[in-house]
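What follows is a single structure, written as structure tokens, with notes after it.
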Amino acid sequence: MKQPLEEAAQLLDAQWTMVLAAGTEDGGAHAAPLYFVRGEGFSLYWLSSPGSLHSREIARTGVAAAAIFRPSKDWNELRGLQIRGAASEVRKSRAVIEKYKAKFRLGHELDAVIRRSRLYRLEPRWMRLIDNRRGFGWNMEWEFPASEQK
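In the working numbering, the protein residues as written are 1350 to 1499.
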């Protein structure tokens, strides 16, 4: 088996969707499935409407959490990541947008949608890899200081 941090990066690159969670002003929680790409290190990027609830809550709090996992019907094959960190709208990066378009095979027909959307980033401050192939409930955690992310 590969080193756990390398496995985490490969898991992110292989999956298409994450469940993004944000707290709400009334003390509740909101979760949304979104397409994402991995940027530098373990930063996650996605496109969204600034009017969506998760985008408004990220603008308000600056934090979010995500779950990314490999679908499996067999409990001993469950693998996934739990991530918490700083979240924000960021300036659109041509490299990130091109990576996004390539990963999801978005042709020019969606350029107008992409132009209307905003680009967001989740920078992990904490991450947990879960891998039941290594034993039921096996996990490893990492913390990433705000100034340096691997």
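Glycine included, C-beta positions come from ideal geometry on N, C-alpha and C.
Taking DSSP as the reference, what is the three-state secondary structure of residue i?
i	result
A1378	strand
Q1352	coil
F1373	The sequence shown places Thr at residue 1373, not Phe. If DSSP states are grouped into helix, strand and coil, T1373 belongs with coil.
A1495	coil
Q1364	coil
Who pairs with residue i in a beta bridge, going by DSSP?
i	result
G1429	F1418, I1479
A1357	The partner list for A1357 (beta bridge, DSSP) is empty, contrary to what the question assumes.
F1434	For the sequence presented, residue 1434 should be read as Gly rather than Phe. Paired residues: A1413, P1473.
Along the chain, where does the beta strand (DSSP E) containing residue i start, and where does it finish?
i	result
S1397	1393-1397
If we call anything under 8 Å between Cβ atoms a contact, is residue i one with residue j?
i	j	result
N1425	R1477	no
A1416	Y1469	no
R1419	L1360	yes
L1369	L1354	no
V1386	K1441	no
R1474	F1493	yes
M1367	L1396	no
E1406	G1376	no
A1408	E1389	no
A1381	L1430	no
L1471	A1413	yes
I1463	I1446	yes
S1466	S1421	no
Within the continuous alpha helix (DSSP H) that includes residue i, where are the two ends?
i	result
E1406	1402-1410
Quick check on residue i - is its C-beta less than 8 Å from some C-beta in chain D?
i	result
E1374	Checking the listed chains, one finds no chain D in this structure; it contains a single protein chain.
Report the residue ranges of all beta strand (DSSP E) runs contained in full by the stretch 1436-1489; include only those spanning at least 3 residues, in chain order.
1467-1480
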